[in-house]
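Here's the structure, in structure tokens; my notes come after.
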Amino acid sequence: MNQAILDKIESEQYRKTPANFCVGDSVRVHTKVVEGDKERIQIFSGVVIGRRGHGLNEMFTVRRISYGEGVERVFPLHSPRVEKVEVEREGSVRRAKLTYLRKRLGKGATLVKEKETKLSPKAKAKA
Amino acid sequence: MLGLIGKKLGQTRIYDAKGVMTSVTIVLAGPNRVLQCKTQQSDGYNAVQLGFDDQKEQRLTKPLLGHIKKQNGVAVKKIMEFRDFTKDVKPGDVVGVGLFAPGDYIDAIGVTKGRGFEGVVARHGFRGGDSTHGAKGWHRRGGAIGQRLFPGTVMRGMRMPGHLGQVRRTTQNLQVLQVREEENIILIRGAIPGSEGDYVVIRESKKRPKGWKPHADRPENKKAETKKK
Chain A
1 MNQAILDKIE SEQYRKTPAN FCVGDSVRVH TKVVEGDKER IQIFSGVVIG RRGHGLNEMF
61 TVRRISYGEG VERVFPLHSP RVEKVEVERE GSVRRAKLTY LRKRLGKGAT LVKEKETKLS
121 PKAKAKA
Chain B
128 MLGLIGKKLG QTRIYDAKGV MTSVTIVLAG PNRVLQCKTQ QSDGYNAVQL GFDDQKEQRL
188 TKPLLGHIKK QNGVAVKKIM EFRDFTKDVK PGDVVGVGLF APGDYIDAIG VTKGRGFEGV
248 VARHGFRGGD STHGAKGWHR RGGAIGQRLF PGTVMRGMRM PGHLGQVRRT TQNLQVLQVR
308 EEENIILIRG AIPGSEGDYV VIRESKKRPK GWKPHADRPE NKKAETKKK
């Protein structure tokens, strides 16, 4: 019973709009930033290089190259300050954590191979 | 002094209104049954006897059951007394988490987790020795416990290894973050003594932080009232 109550309290705080993205995707994270008494949206875009934890404690890491310097930010998935996570480009990866991107330089550091969507012959014909 | 007997359910975290993650302890505190009201005239002091955790009547001893029945009560596992209860109650009443409101400050009393026989590093926070730089076999020791021929004895109260934990402890001035009356649950900021499933006492804090005001007198609650008018 105790665990049920804990689960209930935690699940109440899950984000209302689920964020569907995977490791390797290029995303734009919209975060709420409070400046004085004003609130605005700041966007952090990069490649998702890992997701860890589960339930309310799930976090994800986004890596980007900013002015030639690698920057990583860790976001709590269910934080109300994370407004939404927009997927720009789906990536195709074979690992759960993309730490190998840290060693890469240049274009290879910012992009992951694009996911090949399996299209039915009909859809292909349309394209 | 308001107080309740509760049961620690566990810890988790919640996001507050600003989106800041805060750790909370969840306490099941109710229904608390009023079993007896002691008064200055009849008992020499004012107090309220509360009972928590209902159970089968057959599990109680007959004298205890008799006492409870006399006051129109229900069989409970845990009985405690609270001195100078500020709310007017009579035997047979039920009190719950509604005694407290979000923003109130409380003290949580519980029995800390027992650690068994512990050394001075864990028990008293001694530094111990170096783990490297040639140190050998002198890592978690306490060092000397006395001086020389004079005074020739170990001072009283010298901190040494021994039993740690499993003692009654009070954590003061914890903030109430949420009160859920329908579930009898109260969410308290931070940690409280004891392991999950232990009985704890939640009472009004004795030393409130500066500028503390009762729930209704707080500016944010006052504003809401005037707006309604």
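If you read the protein sequences in the order shown, they are chains A and B. Last residue of the first sequence? That's 127 in the numbering used here, and every number before it is there in order. Last residue of the second sequence? That's 356 in the numbering used here, and every number before it is there in order. From the three backbone atoms N, C-alpha and C, an ideal C-beta is built for every residue, glycine too.
Amino acids of chain A, ordered along the chain, whose beta-carbon sits closer than 8 Å to that of residue i
i              : result
G146 (chain B) : K32, S79, P80 and R81
Within chain A, the residues that residue i reaches when beta carbons sit closer than 7 Å
i              : result
I312 (chain B) : I5
L397 (chain B) : What is shown of chain B runs 128 to 356, which leaves residue 397 (chain B) out entirely.
E323 (chain B) : N2
From the options, residue whose alpha carbon lies closest to that of residue i
i              : options                           : result
K205 (chain B) : B:H342, B:A228, B:K333 and B:Y326 : B:Y326
K134 (chain B) : B:V216, B:N311 and B:P346         : B:N311
G237 (chain B) : B:T166, B:Y142, B:T213 and B:M207 : B:M207
D180 (chain B) : B:G219, B:I132, B:G225 and B:G137 : B:I132
R296 (chain B) : B:I272, B:A235 and B:V224         : B:A235
L301 (chain B) : B:Y142, B:V154 and B:A144         : B:V154
I41 (chain A)  : A:E83, A:V23 and A:L77            : A:E83
I233 (chain B) : B:C164, B:F253, B:I313 and B:L162 : B:I313
S322 (chain B) : B:G171, B:T152 and B:G130         : B:T152
Q138 (chain B) : B:E331, B:E309, B:P346 and B:A318 : B:A318
E184 (chain B) : B:R283, B:R254, B:V201 and B:D170 : B:V201
D37 (chain A)  : B:E331, B:Q167, B:K334 and B:K145 : B:K145
G338 (chain B) : B:A174, B:G289, B:D231 and B:M148 : B:D231
R73 (chain A)  : A:I49, A:V93 and A:E35            : A:I49
D25 (chain A)  : A:V93, A:L56 and A:A4             : A:V93
R81 (chain A)  : A:L6, A:S11, A:D7 and A:I43       : A:I43
R268 (chain B) : B:G261, B:A249 and B:R283         : B:A249
G46 (chain A)  : A:N20, A:E39, A:E10 and A:R89     : A:R89
V175 (chain B) : B:S169, B:Q163 and B:M287         : B:Q163
R286 (chain B) : B:F253, B:G178 and B:G193         : B:F253
L101 (chain A) : A:V29, A:E58 and A:V71            : A:V71
P288 (chain B) : B:V247, B:V203, B:K333 and B:N199 : B:V247
Whole-angstrom distance between residue j and residue i, CA atom to CA atom
i              : j              : result
W265 (chain B) : P278 (chain B) : 26 Å
K355 (chain B) : L304 (chain B) : At K355 (chain B) the pLDDT is 48, less than 50, meaning the model places this residue with poor confidence; the figure from the coordinates comes in the next sentence. Each residue's Cα considered, the two are about 24 Å apart.
I195 (chain B) : L187 (chain B) : 10 Å
V294 (chain B) : E245 (chain B) : 14 Å
E160 (chain B) : R316 (chain B) : Contrary to the premise, residue 160 (chain B) reads as Arg rather than Glu in this sequence. When rounded, the distance between both Cα atoms is 26 Å.
T213 (chain B) : K32 (chain A)  : 44 Å
R307 (chain B) : Q13 (chain A)  : 15 Å
F60 (chain A)  : H54 (chain A)  : 11 Å
M128 (chain B) : I329 (chain B) : 11 Å
D344 (chain B) : A228 (chain B) : 12 Å
C22 (chain A)  : G106 (chain A) : 23 Å
R63 (chain A)  : V281 (chain B) : 60 Å
K189 (chain B) : K197 (chain B) : 12 Å
D143 (chain B) : G270 (chain B) : 47 Å
G273 (chain B) : G255 (chain B) : 17 Å
I141 (chain B) : K8 (chain A)   : 12 Å
R210 (chain B) : F75 (chain A)  : 48 Å
R51 (chain A)  : H78 (chain A)  : 12 Å
L98 (chain A)  : E10 (chain A)  : 29 Å
V147 (chain B) : V216 (chain B) : 38 Å
A156 (chain B) : G243 (chain B) : 29 Å
A19 (chain A)  : R95 (chain A)  : 20 Å
G193 (chain B) : R15 (chain A)  : 52 Å
N173 (chain B) : V203 (chain B) : 22 Å
Residues that residue i contacts on chain A, provided the C-beta gap is smaller than 9 Å
i              : result
R140 (chain B) : E10, Q13, L56 and N57
Residue i - partner residues in DSSP beta bridges
i              : result
N159 (chain B) : B:V222
C22 (chain A)  : According to DSSP, C22 (chain A) bridges with nothing at all.
M59 (chain A)  : A:R52 and A:P76
D181 (chain B) : B:V203
A95 (chain B)  : Nothing about residue 95 (chain B) can be reported from this structure: the residues present for chain B run from 128 to 356 only.
G243 (chain B) : B:L291
E39 (chain A)  : A:V34
I132 (chain B) : B:V328
Q305 (chain B) : B:L314
F209 (chain B) : B:V175
F216 (chain A) : This structure gives no information on residue 216 (chain A), because the portion of chain A shown stretches from 1 to 127.
V248 (chain B) : Answer by DSSP bridge pairing: none, since V248 (chain B) is not bridged.
K334 (chain B) : None; K334 (chain B) has no bridge partner.
S150 (chain B) : B:R140
K165 (chain B) : B:A174
Under 9 Å by beta carbon: chain B residues contacting residue i
i             : result
P76 (chain A) : Y142 and M148
Contact with chain C by residue i, beta-carbon distance below 8 Å
i              : result
R186 (chain B) : Here chain C cannot be found, since the structure's protein chains are A and B.
Interfacial residues, the segment 151 to 185 of chain B to chain A, with Cβ spacing under 7 Å: I153
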